[in-house]
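**Q** Just passing along the structure, written as structure tokens.
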Amino acid sequence: MHATAQTAGEGPPTAPFQQFIVKVNSRCNLACRYCYMYFAADTGWRRQPVTAAPGMLHRTARRIGEHATVHRLRALSLVLHGGEPLLTDPADLGAFVREVRRQVPAGCTVHAAVQTNGVLLTEDRLTALAAHGIRIGLSLDGGNAHHNRQRVDHAGRPAWPAARRAARLLAQRRHRDAWSGVLCVIDLDTDPVEVYDSLVRLGPPAVDFLLPHGNWTRPPAGLPAPAAAPAPYGDWLCAVFDRWWQAERRTVRVRLFQECIALLLGLPAATEALGLQPFTAVVIETDGSIEQVDSLKTAYEGAAATGLDVHRHAFDEALAHPGVAARQAGRAALPVTCLRCPVVDVCGGGHYAHRYREGHGFCNPSVYCADLRRLIRHIAAALREAGTP
Amino acid sequence: MNDGREPLPDLLGLSLAELRDLNHPVLSQVLDELRERVVRQGEGLWGFTQFDNNVDL
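Sequence order for the protein chains is A and B.
Sequential numbering of the first sequence, starting at 1, is according to my numbering.
Sequential numbering of the second sequence, starting at 1001, is according to my numbering.
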């Protein structure tokens, strides 16, 4: 299923894990209609414990410390995820983060964050998280109610009123350092400039726009695109880019655009959406299973599984998994079509999960190929014009 | 498909040093952060959808 990353005689990939996504809960208080966790091909979440047990979290902290020690990591990212992580008491989240910081070697900085839908974020919870050095990432699909119409609870009620309260709370001066940014999933039925402007008005320090997960076998909404408009997501993103780029000052960091610029200039980049850099994130499920990121579950049942867990295995054993290796293989994991493309060093084949085609694995161009080319060329042209005296 | 075969605009002549005196407010701020990234030698860059925690806001 995964592209063969190594030939006989080659050793395992050398890039250690640096990002640990820990599922503190396997359930969510929302039922967003496009959710890749609960409404995609994989149903494994049903078999997971609802909450991560203290013993599992302790074991996870020790394994992270072990990995950081072996690989002499100077920094690592710890993402408290789910489900919805705020279904867990912030005091317990803080205790886990404290444990990880105790387990890693001296000089290794642990950057901790939660990624939350914001519905349960209160002043008290926010203050508690910040006191533990945990930053907050908020999931919103725009700054107006109709942008978030797909973000509903299990009874179909909109999450927007509570999410807006969370954004307003985070934007207050005393909390600004705790707010890492907003993740916004693109909806082609929305106006891109309106979405961007409305998010800017909420005051986040950074925004990232995410292509909804899909692949050639289960295409995202709007794809395959009509011949008259072959890159609808690319067009949507270009409209946002122009709005961002032509402002009198940079009002917000937009991660996708900034990483694209970095790649165009041949600089280090960090995004799952672009580039050939090794992907160094790993997931720990609520039962302690070591898995690849959830987005792979949009491909097929069990796509993210490794068969390993923190109780019995070190993270180094997961580095040897063929799926993990494929995500560190760069060009070696790409089809000839991509290797011959002029934008391959920037695009990198796009998000790995978006390349899946049933019966052909992941060694394909992205289902968003036309969109990525559209956006990359647009940004390259803008960069060229800006850099020309 | 012509778009797929055409090369990207020539950006080889652009470097962080040469782009230092731009009159482009957005790009200038982006480049300041990218210079810091080079100094840090790429430390603290996270691929999973997360924001760069090393950047001072």
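Quick reminder that beta carbons are idealized off the backbone N, C-alpha and C, glycines included.
Are the Cβ atoms of residue 211 of chain A and residue 354 of chain A separated by less than 8 Å?
**A** Closer than 8 Å, so yes.
**Q** So, under 8 Å CB-CB, residue 410 of chain A and residue 25 of chain A are touching, yes? Tell me the CB distance rounded to an integer number of Å.
**A** Residue 410 of chain A is absent from the model: chain A starts at 1 and stops at 389.
**Q** With 7 Å as the C-beta to C-beta threshold (strictly closer), list the residues of the stretch 1034 to 1047 of chain B near chain A in chain order.
**A** Result list: 1034, 1037, 1038, 1042, 1043, 1044, 1045, 1046, 1047.
**Q** Can you name, in chain order, every residue of its own chain whose Cβ lies under 8 Å from the Cβ of residue 205 of chain A, other than the five neighbours on each side?
**A** Result list for residue 205 of chain A: 176, 179, 180, 181, 252, 253, in chain order.
**Q** Hey, how far is the Cα of residue 1023 of chain B from the Cα of residue 33 of chain A?
**A** If I take the Cα positions, the gap works out to 44 Å.
**Q** Interface residues of chain B around residue 84 of chain A at Cβ under 8 Å?
**A** Correct list: empty, because the minimum Cβ distance to chain B is about 16 Å.
**Q** Take the Cβ of residue 379 of chain A as the centre, count every other Cβ of all protein chains shown within 10 Å, and call the residue buried at 16 or more, exposed below.
**A** The residue in question, residue 379 of chain A, is buried, as its Cβ has 16 or more Cβ neighbours within 10 Å.
**Q** Can you tell which of A:362, A:377, A:264 has its C-alpha closest to the C-alpha of residue 392 of chain A?
**A** As shown, chain A starts at 1 and ends at 389. That puts residue 392 of chain A outside it, with no answer to give.
**Q** Using a threshold of 8 Å, state whether the C-beta atoms of residue 119 of chain A and residue 167 of chain A are closer than that.
**A** Contact flag unset, no.
**Q** Just the chain B side, please: which residues come within less than 7 Å of residue 183 of chain A by C-beta, in chain order?
**A** The contacting residues are 1049.
**Q** For residue 7 of chain A, is the classification buried or exposed, using 16 other Cβ atoms within 10 angstroms of its Cβ as the cut-off for buried?
**A** The predicted position of residue 7 of chain A is uncertain, since its pLDDT is 37 and thus under 50; a value taken from the coordinates is nonetheless stated next. It is exposed - the Cβ of residue 7 of chain A has fewer than 16 other Cβ atoms within 10 Å.
**Q** Check whether the Cβ atoms of residue 68 of chain A and residue 104 of chain A lie closer than 8 Å to each other.
**A** Going by C-beta atoms, residue 68 of chain A is nearer than 8 Å to residue 104 of chain A.
**Q** With a threshold of 8 Å between beta carbons, is residue 1020 of chain B in contact with chain A?
**A** No, residue 1020 of chain B lies away from the interface with chain A (no Cβ there is under 8 Å from its Cβ).
**Q** What is the DSSP secondary structure of residue 1019 of chain B, counted as helix, strand or coil?
**A** Coil at residue 1019 of chain B, not helix or strand.
**Q** If we cut at 8 Å on Cβ distances, does residue 64 of chain A have a partner in chain B?
**A** It does not; no Cβ of chain B falls within 8 Å.
**Q** What separation, rounded to the nearest whole angstrom, lies between the Cα atoms of residue 391 of chain A and residue 389 of chain A?
**A** A query on residue 391 of chain A cannot be resolved here, the shown segment of chain A reaching from 1 to 389 and no further.
**Q** Have a look at residue 133 of chain A and residue 213 of chain A and give me their C-alpha separation to the nearest angstrom.
**A** Cα to Cα, the separation comes out at about 31 Å.
**Q** Pull the bridge partners of residue 153 of chain A from the DSSP assignment, please.
**A** In DSSP, residue 153 of chain A forms a bridge with A:30.
**Q** Taking only beta-carbon atoms, is residue 236 of chain A less than 8 Å away from chain B?
**A** No, residue 236 of chain A lies away from the interface with chain B (no Cβ there is under 8 Å from its Cβ).
**Q** By Cβ distance, which residues of its chain are closer than 6 Å to residue 93 of chain A, with the 5 residues on each side in sequence left out?
**A** Cβ neighbours of residue 93 of chain A beyond the five flanking positions: 80.
**Q** For a cutoff of 8 Å on Cβ pairs, would you count residue 21 of chain A as touching chain B?
**A** Yes, contact with chain B.
**Q** Quick one: is residue 208 of chain A near chain B, going by C-beta distance under 8 Å?
**A** Yes, its Cβ sits closer than 8 Å to a Cβ of chain B.
**Q** With a threshold of 8 Å, are at least 3 pairs of Cβ atoms found where one atom belongs to the stretch 183 to 195 of chain A and the other to the stretch 125 to 143 of chain A?
**A** Yes, since at least three Cβ pairs between the stretch 183 to 195 of chain A and the stretch 125 to 143 of chain A fall closer than 8 Å, the two stretches touch.
**Q** Would you mind working out which of B:1040, B:1030, B:1045, B:1041 sits nearest residue 249 of chain A, comparing C-alpha positions?
**A** Nearest option by C-alpha distance: B:1030.
**Q** Could you check whether the Cβ of residue 261 of chain A sits closer than 8 Å to any Cβ belonging to chain B?
**A** Answer yes: the Cβ-Cβ gap between residue 261 of chain A and chain B drops below 8 Å somewhere.
**Q** Between residue 153 of chain A and the rest of its own chain, which residues show a CB-CB distance below 7 Å, the 5 nearest in sequence each way excluded?
**A** Contacts found: 29, 30, 31, 159.
**Q** Taking the C-alpha atoms as reference points, what is the distance between residue 266 of chain A and residue 364 of chain A?
**A** One C-alpha to the other measures close to 24 Å.
**Q** Using the beta-carbon count (16 or more within 10 Å), is residue 78 of chain A buried or exposed?
**A** Buried, by the Cβ-count rule.
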